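K.L.:
Terminal number for the sequence shown in our numbering: 173, no gaps in between.
Pasting in a structure now, in structure tokens, and then I'll have a few things to ask.
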Amino acid sequence: MPVPENYAASERLRDGRSVEIRMLRADDQDDMLAAIGRTSSQSLQRRFFGPKRSFSKKEVDFFMNIDFTNHVALIALADEDGHEVIIGGGRYVVTNPGTAEVAFVTIDDYQAQGVGTLLMHHLAILARQAELRELVAEVLPENTAMRKVFAKFGFQARRGSDPQIVCLALPLR
Numbered sequence: 001m002p003v004p005e006n007y008a009a010s011e012r013l014r015d016g017r018s019v020e021i022r023m024l025r026a027d028d029q030d031d032m033l034a035a036i037g038r039t040s041s042q043s044l045q046r047r048f049f050g051p052k053r054s055f056s057k058k059e060v061d062f063f064m065n066i067d068f069t070n071h072v073a074l075i076a077l078a079d080e081d082g083h084e085v086i087i088g089g090g091r092y093v094v095t096n097p098g099t100a101e102v103a104f105v106t107i108d109d110y111q112a113q114g115v116g117t118l119l120m121h122h123l124a125i126l127a128r129q130a131e132l133r134e135l136v137a138e139v140l141p142e143n144t145a146m147r148k149v150f151a152k153f154g155f156q157a158r159r160g161s162d163p164q165i166v167c168l169a170l171p172l173r
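Right under this line is the structure:
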């Protein structure tokens with residue numbers, strides 16, 4: 001089995017374009033920030049549950065400092081005019097022993113092409129390899145695209161602390 005920090009896979013989007021799914025590396029920071037810059041305010045709101053156009057140094061450090069055990073992050077890369085660019089990202093963060101929270105973002109130009117599904121598939125592989133028991137997600141009710149991705153994998157709604165957020169959980173067998 002591949003170790004998380006070396007994880008990489010080649011995939012295809014719904015429209016046939018190829019993408020690489022791989023682990024986020026420290027040298028991806030500028031590309032990650034460029035991808036956020038290409039993401040609409042609405043998409044960022046669905047990911048962060050509020051307006052978000054920039055990140056503090058502390059937030060960037062959190063997103064970039066991956067330990068491959070309690071914090072695992074994957075990115076999706078596509079070729080644009082001969083340059084690989086980040087088109088999406090997904091991560092899980094262990095919140096309790098055996099449980100991790102997952103989250104995703106895809107730049108608008110690549111939404112509805114299966115990026116979230118590909119990232120979820122590969123994060124689930126890594127979560128099972130890490131012997132996690134459960135993945136959880138919090139999603140805004142209006143984020144139907146992400147809710148469909150989670151439903152594809154068998155996530156089920158469960159009671160959460162905030163009635164404005166849909167809480168979902170996937171037991172890993």
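Just so it is clear, CB atoms sit at the ideal spot from N, CA and C, and this is done for glycine as well.
Treat the numbers as computed from the prediction; the structure is a model and nothing was measured.
How about the region 60 to 69 and the region 10 to 21: do they share at least three Cβ pairs that are nearer than 8 Å?
P.N.:
Taking 8 Å as the limit for Cβ pairs, the verdict is that the region 10 to 21 does not touch the region 60 to 69.
K.L.:
Using alpha carbons as the reference points, say which of 148, 142 and 131 lies closest to residue 116.
P.N.:
Considering only alpha carbons, the answer is 148.
K.L.:
Quick check on the DSSP output: the beta strand (DSSP E) that includes residue 138 runs from which residue to which?
P.N.:
It spans 134 to 139 - the beta strand (DSSP E) in which residue 138 sits, taken as one unbroken run.
K.L.:
Between the Cα of residue 89 and those of 151, 110 and 152, spot the shortest distance and give me the residue it belongs to.
P.N.:
When only C-alpha atoms are compared, the closest one is 110.
K.L.:
Please identify the residue among 129, 96 and 86 whose C-alpha is closest to the C-alpha of residue 5.
P.N.:
Selected option, being the one with the closest Cα: 129.
K.L.:
Pick from 126, 163, 29 and 165: whose alpha carbon is nearest that of residue 99?
P.N.:
Looking at the Cα atoms, 126 is the closest of the given residues.
K.L.:
Distance check for residue 67 and residue 151, CA to CA, integer angstroms please.
P.N.:
Taking the straight line joining both Cα atoms gives about 28 Å.
K.L.:
Can you check DSSP and say which residues form a bridge with residue 10?
P.N.:
Per DSSP, 20.
K.L.:
Quick one: using the 10 Å Cβ neighbour count with 16 as the cut-off for buried, is residue 144 buried or exposed?
P.N.:
When all chains shown are included, residue 144 counts as exposed.
K.L.:
Which residues bound the beta strand (DSSP E) around residue 73?
P.N.:
Per DSSP, residue 73 belongs to the beta strand (DSSP E) from 71 to 80.
K.L.:
Determine whether the beta carbon atoms of residue 160 and residue 170 lie at a separation below 9 Å.
P.N.:
No, they are not a contact pair.
K.L.:
Between residue 156 and the rest of its own chain, which residues show a CB-CB distance below 7 Å, the 5 nearest in sequence each way excluded?
P.N.:
Excluding positions up to five away in sequence, the list reads 168 and 169.
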